[in-house]
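Colleague: Below is the structure I would like to discuss, written out as structure tokens.
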Amino acid sequence: CVCVIQETALSLQRLATGLEELATMKTDLSQYVAASDSALLEQQLEQLHCQWEELCMKVSLRRQEIADRLNAWTIFNDKNKEFCDWLTQMENKVCQSGDLSIEERVEKLKKDCMEEINLFSENKSHLMQLGEQLLLASDEAKQGQVRGSLQEVSQRWHNLFHHVESRVKKLKETLATVQQLDKNMSNLRSWLSRVEAELSRPITYSVCHEQEIQRRLAEHQELQRDIEQHTQGVASVLSLCDVLLRDEDAAGGSEAEGDSLQETSRSLDQRWRTICAMALDRRLWIEETWTLWCRFLNDYSRFEDWLKMAERTAANPNSADVLFSVAKEELKKFESLQRQVHERLTQLELVNNQYRRLARENRTDRASHLKAMVSEGNRRWDTLHHRVTAILHRLKYFTSQREEFESTRESMLVWLTELDLQLTNVEHFSESDVHQKIQQLNSFQKEITLNTERIDSLIVFGEGLIQKSSPQDAALIEDELEELHSYCQEVFSRLVRFHQRLSQPRMITEEPELTFALETSLELIERPWLGRSQGSLPATPTHLLNSPLERSGQETPVSVDSLPLEWDHTVDVGGSSHEDDEEEEEQEEGTYFSALSVSSGSRSLHDYPIWRSPEDPEDQVDSKGHPETTPTLTSTPLKQSYLCLTSQCSGSIENIKRASLILDDEQQQQEMGLTGLSAADRQSGVIERWELLRARSRCGQQEEPQQLTVGLDDITSWLEIVIPELDRLLQSDPVLVTSIEDMEGRAKELKELEKQFSHHKSIMLTANLQARDCPDLQEKLVGMNRGWSRACTGLQQWDSSLRRKLTRCQEFHEQLHSLLLWLAHAESRCRGVDVNLTGASVGALQRHTTTLNELQEELCIRRTQHSSLQALWSQLQPEAAADSDEAQEKIHVTGKKLKQLVKQVDLDLHVLQQRLDSAADMPQEASQKGSTQRELKASSPPPSFFYRLLRAVFPLQLLFLLLLLLPCLIPLSESDHSCTVTNNFGRSFYPMLHYINGPPPT
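Under the working numbering, the first residue of the sequence shown is numbered 1, with each subsequent residue one higher.
Here you go:
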């Protein structure tokens, strides 16, 4: 219809265009036709217009009618769609739960939803009326469509009512289920708490007995039955939780309710599983406790059985007044027992670890029976260990003294044998001249000097052993000492006689002086020894460990081996007067004495206790003839030269120079010749210029005459006190200063006086500069300068006196020399500890550590002693002389050697500690096995004395054999068969029996 109306409207528009054309044509024709025809044409045109207007009205009415019908359809469709959307919304609203509880949702469905349904029932009635109107005005097709829409609306309306009723019923059932779950959970919650508290409570035991374990198992069985009775209740609650979790109304109503249900189900399941597991673990824990108790009691019983046996063994040791062999056997027995004690320490640690586990896991008894057993076992093992250690220490001390004596005696016999062989070689087989033989005798004398004290110490040590040992051992030791004594007497007597033969051409007056040292050594051996007390010589058994054959070869120029001997090297026994020999001797002597950096004959040996110098060091110092000049002031105070002389006379400059020498000691020891002198002079000039400049700067501050007078009076009064004190010190020093302590006290007093002089010097210089313009003070100034000059002179004289006394101080040189000897001994002790020896046992490493610790403590003491000596020497700085140079060199060498030894001992201790730490980490069984083997090896008896003596002299015997076989290798003459050929073996000895420097004295 709408299309037909549109086509009709278009046709009317075309007719309107045609009418306009006809009106235009009528206007044109009215000019050519008559008026009547024009009126006729006008009427026809009006009729056409009326018809056209009528058609237009009909088309408009038809269009309006069609539009009204179409509008009715649109309204119906909109109403229908709106109502259907509302039904869909209500259906969703009924199904949705939101964040409301079940009770709130039921209340909402009964109240809010029904009110909204009643409100929309009017819209439904209006829609039904509009549909009925469309049914009357529509064709059959449209009527079927309207009837379908109306039936669908009616059906969904009824379904909405049914859905609301079923939803309310379902929510009520869910609410009843939730209430049942809460009721069951409230019943289970108290039971769960009680059972969990019971299972969490630690198990305690009254006594360590099997009945206590059975009682705890019975209590646990009652608890297990209670848990089994509540199994069904827990299962029902878990099933209700599963049902509610699957129900959307219960779990999907709100997120909080769903989480609460899940948490309740998970918590209940977890707590139930935990209770079941804890119940099982509790029963297993009780059973395991009994197993651990049985294991602990069995281990402790075995350990206690061994402990009783070891205590019986250690209760009666055979360690007092026994033979050396019996002591050795007893030592082996207790070493084995000590190894057993150390091995049983593992078992004791096992018992302790078992008890620690029981205590840590709360498995002990309240009666503390297990704790008492462990404490008693530890106490008894400690007591046994201390007792066995004390017994072993006593036995080792007894046996080590005897072994140390034997080893030292054998080393002395070996040394005497070698010395005897060397003396024989020099006396009968050496082709050297007399001077070389004397030099060899000098080397022998050095060895004798080093070993004489050791031999005497060995004798004293043997006497002590005789007093301590049993009668059989004492007789054996006495025989051994007699053998050593006779052998020493024989060898030293030979050496003295040979030296006397070589020195026979010399003057008779010099002979006692040349052989003094050998006779002293011989007298030391020849004097009676069996009746002396043990403490007659300052020797300890420790000194017997150092062999003279094990020297390092690194002796310093001031060590014992490098000190010059007083034997004459220029004697030609055979009467040889060749100039070449004399030049060679002088060259050798120069080389020999150049090691000490002094010329021949100018060296003093007062610090050496055996070799004596023919001249007294004090006489040498006095024979130098250096007069000591006293600085005096002769010029007037108004001259500049007077001020310079006054500043030069001050003793403070010397003090500052000595302080600078102390500070730059290491650097100045390397300076040589004119370079060092120019540096010292330049330093002195700088100091003097600085002091003068400081006095002038003070002079620039114009002081009042009264203050200057007070300053002059103060210096004058101070000089009046100081000058008598210096005179008293100069007069009393030769009597009072006799030891190092006195020298240190005097050095401190000198230092304090020098500080006072340094303080008053600046005041004196300032007073001289300022008093030039004050004629009234000239007399006081002259008196002050005279007193200052006298005080400076006295200070310098006292300083020089102290320096000379320090150079001549016998105790200072003896301490320095003893420090040198101790350093050689300490170096040999340090070399005796081989920290890099592979395969050393832990005991050996610990002994090395103890030795090095003792040596480290002694080094600290010696460093303190050296520091005091060096401080005294550096403070006084004696004048350059042979003795002072030697003492300075000794101080430097001892300080350097002490530093090296301290560094070496620290390094060795660090290496030993690392090895001990690594040994502690090794498996205990391997360590015990290795230590057992090493101790067995160490406890094996050393080779016999004759075997070691044979090994020592074997090279010399082999050399003699080769010398005897050498003539046999000389080819015989083929042409001459006379007696000369027959006696060729005898002639072969001619080169050996030829005396280059003449025949020996007879």
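Glycine included, every Cβ here is placed at the ideal spot set by N, Cα and C.
Keep in mind that this is a model prediction, so the values were computed, not measured.
Which residue or residues does DSSP assign as beta-bridge partners of Tyr205?
Modeller: Asp365
Colleague: Tell me which residues share the same chain as Asn378 and place their Cβ nearer than 8 Å to its Cβ, disregarding the 5 neighbours each side in the sequence.
Modeller: Leu348 and Asn352
Colleague: Give the range of the alpha helix (DSSP H) segment to which Asn451 is assigned.
Modeller: Element bounds for Asn451: Val434 to Lys468.
Colleague: Compare the C-alpha of Gln796 against each of Leu845, Gly843, Leu730 and Leu852 and name the closest.
Modeller: Leu730
Colleague: Excluding the 5 residues preceding and the 5 following Lys333 in the sequence, name in chain order all residues of the same chain whose CB lies nearer than 6 Å to its CB.
Modeller: none
Colleague: Would you kindly work out how many angstroms separate the C-alpha atoms of Arg225 and Leu199, rounded to a whole number?
Modeller: 14 Å
Colleague: For Ser841, which of Ala771, His230, Thr24 and Leu916 has the nearest alpha-carbon?
Modeller: Taking only the C-alpha atoms, the option nearest Ser841 is Leu916.
Colleague: Between which residues of its own chain and Asn853 is the CB-CB distance below 8 Å, once the five residues before and five after are set aside?
Modeller: Leu909
Colleague: Tell me the start and end of each unbroken beta strand (DSSP E) in the region 839–874 that is at least 3 residues and wholly inside, in chain order.
Modeller: none
Colleague: Hey, out of Ala218, Lys308 and Thr289, whose CA is closest to Leu358's CA?
Modeller: The candidate whose alpha carbon is nearest that of Leu358 is Thr289.
Colleague: Can you list, in chain order, the residues of its chain with a C-beta nearer than 6 Å to that of Ala310? Leave out the 5 residues immediately preceding and following it.
Modeller: Only Leu384 meet the Cβ criterion.
Colleague: Grab the span of the alpha helix (DSSP H) containing Tyr487 for me, first residue to last.
Modeller: Pro471 to Leu502
Colleague: Where do the ends of the alpha helix (DSSP H) carrying Ser319 lie?
Modeller: Ser319 -> no alpha helix (DSSP H), and no H or E assigned at all.
Colleague: Sorted by chain position, which residues of the same chain lie with C-beta nearer than 7 Å to Ser206's C-beta, five sequence neighbours on each side aside?
Modeller: So the qualifying residues of the chain are Glu212, Asp365, Arg366 and Ala367.
Colleague: Sorted by chain position, which residues of the same chain lie with C-beta nearer than 6 Å to Ala771's C-beta, five sequence neighbours on each side aside?
Modeller: Leu777 and Leu781
Colleague: Using the beta-carbon count (16 or more within 10 Å), is Met743 buried or exposed?
Modeller: buried
Colleague: Classify Gln445 as buried or exposed, calling it buried when 16 or more other Cβ atoms lie within 10 Å of its own Cβ.
Modeller: buried
Colleague: By Cβ distance, which residues of its chain are closer than 8 Å to Gln815, with the 5 residues on each side in sequence left out?
Modeller: Ile740, Gln865 and Leu869
Colleague: Is it true that the CB of Ile891 sits closer than 7 Å to the CB of Trp873?
Modeller: yes
Colleague: Using CA coordinates, which residue listed in Glu752, Ser801 and Leu712 is at the minimum distance from Gly787?
Modeller: Measuring C-alpha to C-alpha distances from Gly787 to each of Glu752, Ser801 and Leu712 identifies Leu712 as the nearest.
Colleague: By Cβ distance, which residues of its chain are closer than 6 Å to Lys897, with the 5 residues on each side in sequence left out?
Modeller: Cβ contact annotation for Lys897 (same chain, cutoff 6 Å, sequence separation greater than five): Leu823, in chain order.
Colleague: Confirm, please, whether the CB-CB distance from Arg387 to Ala314 is below 7 Å.
Modeller: yes
Colleague: Mapping DSSP to helix, strand and coil, what is Leu10?
Modeller: Here Leu10 sits in helix by DSSP.
Colleague: How long is the line joining the alpha carbons of Gln888 and Arg804, rounded to whole angstroms?
Modeller: 14 Å
Colleague: Suppose the cutoff is 8 Å on Cβ atoms and the five residues either side in sequence are ignored; what does the same chain contact list for Leu392 look like?
Modeller: Leu331, Phe334, Glu335 and Gln338
Colleague: If you draw a straight line from the alpha carbon of Tyr487 to that of Leu423, how long is it in whole angstroms?
Modeller: 14 Å
Colleague: Hey, how far is the Cα of Ser758 from the Cα of Gln440?
Modeller: 57 Å
Colleague: Hey, could you find the ends of the alpha helix (DSSP H) Val234 is sitting in?
Modeller: Thr231 to Arg246
Colleague: What is the DSSP secondary structure of Glu152, counted as helix, strand or coil?
Modeller: helix
Colleague: Can you say whether Pro955 is buried or exposed, counting buried as having 16 or more other CB atoms within 10 angstroms of its CB?
Modeller: exposed
Colleague: With a 10 Å radius around its C-beta and 16 neighbouring C-beta atoms as the bar for buried, classify Thr793 as buried or exposed.
Modeller: A residue is called buried once 16 or more other Cβ atoms fall within 10 Å of its Cβ, and Thr793 is buried on that count.
Colleague: Between Ala279 and Leu192, what straight-line distance do the alpha-carbon atoms span, to the nearest angstrom?
Modeller: Approximately 13 Å, taken between the alpha carbons.
Colleague: Name the residue from Trp415, Gln401, Arg728 and Val893 whose alpha carbon lies nearest to the alpha carbon of Lys468.
Modeller: Gln401
Colleague: What separation, rounded to the nearest whole angstrom, lies between the Cα atoms of Gly258 and Leu245?
Modeller: 7 Å
Colleague: Which whole-angstrom value is the C-beta distance of Leu458 and Thr408, which I expect to be below 8 Å?
Modeller: 5 Å
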